[in-house]
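Residue 98 in numbering that gives the first Met the number 0 sits at position 99 of the sequence shown, with consecutive numbering throughout.
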Amino acid sequence: MAWIFCGDAFGGSVAVDLAIGWADSTPLRGTILAKDFRLAPFLPKSEGKSIGEGTLSGSLRLTGGGLSGREGLSGALTITQLSASIEGMRIWNQEALEVDLSRGEAVVKNARLIGDGGSFELRGRGRPERLAFELEGKLDVEALGTITPLVRGSAGTLTVNASIGGPLDDPTIQGAIRLGDISFFARDLPVPVRGLEGALLFDGRRLTLDGVQARVGGGMAKLSGRVDVQNLAIRRYTIEANFQEVSLSPADGLQLALGGDVRLRYERGERLPTLEGIVELERLRYTKAMNLSPTIGELNKPRRESVDDAYMREEYVNLDLELRMKRPAEIRNNVADVDIVVDEQREGFRIVGSDARPGAIGNLRISRGSIRFRNSDFVVRDGILVFASSEQINPRFDITATTQIIRADIAGPMWRIALRAHGTMDAFQLDATSEPSLTQQDIALLLTIGMTGAEAQNVQADALSGAALEALSAVTGVDDELTNALGVVDDISLTTAYHPVTNRPEPQVTISKRLTDRIRLRASTGLASETRDVRAAAQWRLGEQTSLELQYDNIDRESASSFGNIGVDIRWRLEFE
Numbered sequence: 000m001a002w003i004f005c006g007d008a009f010g011g012s013v014a015v016d017l018a019i020g021w022a023d024s025t026p027l028r029g030t031i032l033a034k035d036f037r038l039a040p041f042l043p044k045s046e047g048k049s050i051g052e053g054t055l056s057g058s059l060r061l062t063g064g065g066l067s068g069r070e071g072l073s074g075a076l077t078i079t080q081l082s083a084s085i086e087g088m089r090i091w092n093q094e095a096l097e098v099d100l101s102r103g104e105a106v107v108k109n110a111r112l113i114g115d116g117g118s119f120e121l122r123g124r125g126r127p128e129r130l131a132f133e134l135e136g137k138l139d140v141e142a143l144g145t146i147t148p149l150v151r152g153s154a155g156t157l158t159v160n161a162s163i164g165g166p167l168d169d170p171t172i173q174g175a176i177r178l179g180d181i182s183f184f185a186r187d188l189p190v191p192v193r194g195l196e197g198a199l200l201f202d203g204r205r206l207t208l209d210g211v212q213a214r215v216g217g218g219m220a221k222l223s224g225r226v227d228v229q230n231l232a233i234r235r236y237t238i239e240a241n242f243q244e245v246s247l248s249p250a251d252g253l254q255l256a257l258g259g260d261v262r263l264r265y266e267r268g269e270r271l272p273t274l275e276g277i278v279e280l281e282r283l284r285y286t287k288a289m290n291l292s293p294t295i296g297e298l299n300k301p302r303r304e305s306v307d308d309a310y311m312r313e314e315y316v317n318l319d320l321e322l323r324m325k326r327p328a329e330i331r332n333n334v335a336d337v338d339i340v341v342d343e344q345r346e347g348f349r350i351v352g353s354d355a356r357p358g359a360i361g362n363l364r365i366s367r368g369s370i371r372f373r374n375s376d377f378v379v380r381d382g383i384l385v386f387a388s389s390e391q392i393n394p395r396f397d398i399t400a401t402t403q404i405i406r407a408d409i410a411g412p413m414w415r416i417a418l419r420a421h422g423t424m425d426a427f428q429l430d431a432t433s434e435p436s437l438t439q440q441d442i443a444l445l446l447t448i449g450m451t452g453a454e455a456q457n458v459q460a461d462a463l464s465g466a467a468l469e470a471l472s473a474v475t476g477v478d479d480e481l482t483n484a485l486g487v488v489d490d491i492s493l494t495t496a497y498h499p500v501t502n503r504p505e506p507q508v509t510i511s512k513r514l515t516d517r518i519r520l521r522a523s524t525g526l527a528s529e530t531r532d533v534r535a536a537a538q539w540r541l542g543e544q545t546s547l548e549l550q551y552d553n554i555d556r557e558s559a560s561s562f563g564n565i566g567v568d569i570r571w572r573l574e575f576e
């Protein structure tokens, strides 16, 4: 006696013709046929939606054995057509997938799937008490670009070898994923990764990085570590990275080269993983031009609070990094020529906080440098930046710079001017002093038009048109527009300078160009003189404390020579601590 089950299911995509016997072994005979059976309802879901879709056609024929006896079932499973798309990646079969059932044991005869840029094959046999399957696969990494927007421009191969063993209710999986010359651009990395090689070894308890290395930003990075897993959930992980000469340019005019040893660690129960270790700043160079004069738009722009609230950004990792400098950080542009180092008198410099709200603890010091304002070069005598917040990078600074203003006439007056900037970027103060003593207004006039207030009062009103021209240039940003338009020079500005022949301030145009880190050229010519006056200078920084400047001008007050004047200025600076 037997029970007979016949009919269709799942909208006619499955046809059943089965007979179940009454014997102790519960014999089962018959056929189950599938035609374009939809797989989506049976695939895992993400955010309430299936991760993919697909169809299946084939048959299961049961010819012997039973459901409850030791003998097990016998028969054959044949899948003639399988097509699926999971997370954007398509897989299908070219040949029928065949599995023989013999006395409760499944023997895989042919199980090969191919997909976008890859193929997988399953071999072996198994019964509920013991599995013995081998999985091999190969995937072209370029296919990852269709799965995730985080990776683009990828190349290389992934090779998978895995063994599946143990009982059916508690299987064990172990094997390796081998990385073959992989290159890609990641959305959150500012530099490409090339030549990624190594292996990821895995079993039921851990994932181990073995010999993983890659070329990153022209440098080399090596990874090692392990991830411990329990019940398919991460218990802890520690991933260590050693990298050298990794070059990147995260912003316009900013060039970095990094090295160091860092570690990313996490323990179950912690809110975020922590990135810790030592980062060596092998090179930092900032060359983007700065504008010390606001334009009309900037002057009239209403003050508003930034909508980029760090507390609204999602955090992914805590930071605890020690920053070391192999060489001073360099600022080389139209305004500044300075070197910045970590203050060794403190306990080092650390980057703390999180990726969304980074902070810094420690001091930086300006070891040498000069700042150019109008036509004056200020030598930085002392500069310190104090970082003391674990949730933001907004240092307190105290910087002092000095310059000398010397009349072309040897008998004329000479002033030594010192500027001190102190405070924070949100609220700072600029103090100016001079020797001999001048008022704040006189110092401002001296730096802007080359004359004090008393000297300006002795000049006719129309002669002050040059000062008005310079002010208009600064406010409208004309000099910046000219610099951008020409492109060849680093800086071009409309300024005013005291003319030793006419004894009055006159407008002039000044251009400058940095040839190398140590050599800079500067030239200026008057716009109002009857004779076109030219001043030129070539500055050569010989060392940290010494510089040589060759000067030329064709302003001749005492002779009729048309050749002009040549001079050499040697500067040597001595510091005391």
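Note that beta-carbon positions come from the ideal geometry of N, C-alpha and C, so glycine has one too.
Query, Result
"Cα-Cα separation, residue 484 to residue 523", "With a pLDDT of 44 at residue 484, under the threshold of 50, the modelled position of that residue is not reliable, and no figure is offered here."
"Cβ-based burial, residue 371 [other Cβ within 10 Å; buried from 16]", "buried"
"Simplified DSSP assignment, three categories, for residue 444", "helix"
"For residue 85 and residue 46, the rounded distance between their alpha carbons", "15 Å"
"Residue 194 in three-state terms, based on DSSP", "strand"
"Proximity to residue 382 [Cα-Cα], best of 375, 376, 401", "401"
"The beta strand (DSSP E) enclosing residue 538, as first and last residue numbers", "533-540"
"Neighbour-count burial assignment, residue 466, 16 or more Cβ in a 10 Å radius", "Confidence at residue 466 is low in this model, with a pLDDT of 47, below 50, so its placement is unreliable and the value that follows should be read with caution. Buried, since its Cβ has 16 or more Cβ neighbours within 10 Å."
"Coil, strand or helix - residue 10 by DSSP", "coil"
"Residue 141 - DSSP class collapsed to helix/strand/coil", "helix"
"Minimum length 3: unbroken beta strand (DSSP E) runs contained in the stretch 223-304", "232-250, 253-266, 273-285"
"Distance between residue 154 and residue 140 (C-alpha atoms, nearest Å)", "5 Å"
"Boundaries of the beta strand (DSSP E) in which residue 82 is found, first to last residue", "73-85"
"Where the beta strand (DSSP E) through residue 571 begins and ends", "564-571"
"Contact test: residue 532 Cβ vs the ligand MN heavy atom, cutoff 8 Å", "This structure does not include the ligand MN; it has no bound ligands of any sort."
"C-alpha gap between residue 51 and residue 43, whole angstroms", "8 Å"
"The stretch 162-172 contacting the stretch 192-199, beta-carbon criterion three pairs below 8 Å", "no"
"Presumed contact (8 Å Cβ cut-off) between residue 586 and residue 134, rounded CB distance", "In the structure as shown, the chain begins at 0 and stops at 576. Residue 586 is therefore absent and cannot be evaluated."
"Contact check, residue 275 vs residue 264, beta carbons under 9 Å", "yes"
"Backbone CA spacing between residue 632 and residue 361 [nearest angstrom]", "Only positions 0 to 576 of the chain appear in the structure, and residue 632 is not among them; the question remains open."
"Reduced DSSP category for residue 344 - H, G, I as helix; E, B as strand; rest coil", "coil"
"Neighbour-count burial assignment, residue 129, 16 or more Cβ in a 10 Å radius", "exposed"
"Identity of the residues DSSP links to residue 67 by a beta bridge", "The partner list for residue 67 (beta bridge, DSSP) is empty, contrary to what the question assumes."
"Contact check, residue 271 vs residue 317, beta carbons under 9 Å", "yes"
"Where residue 26 falls: helix, strand or coil (DSSP)", "strand"
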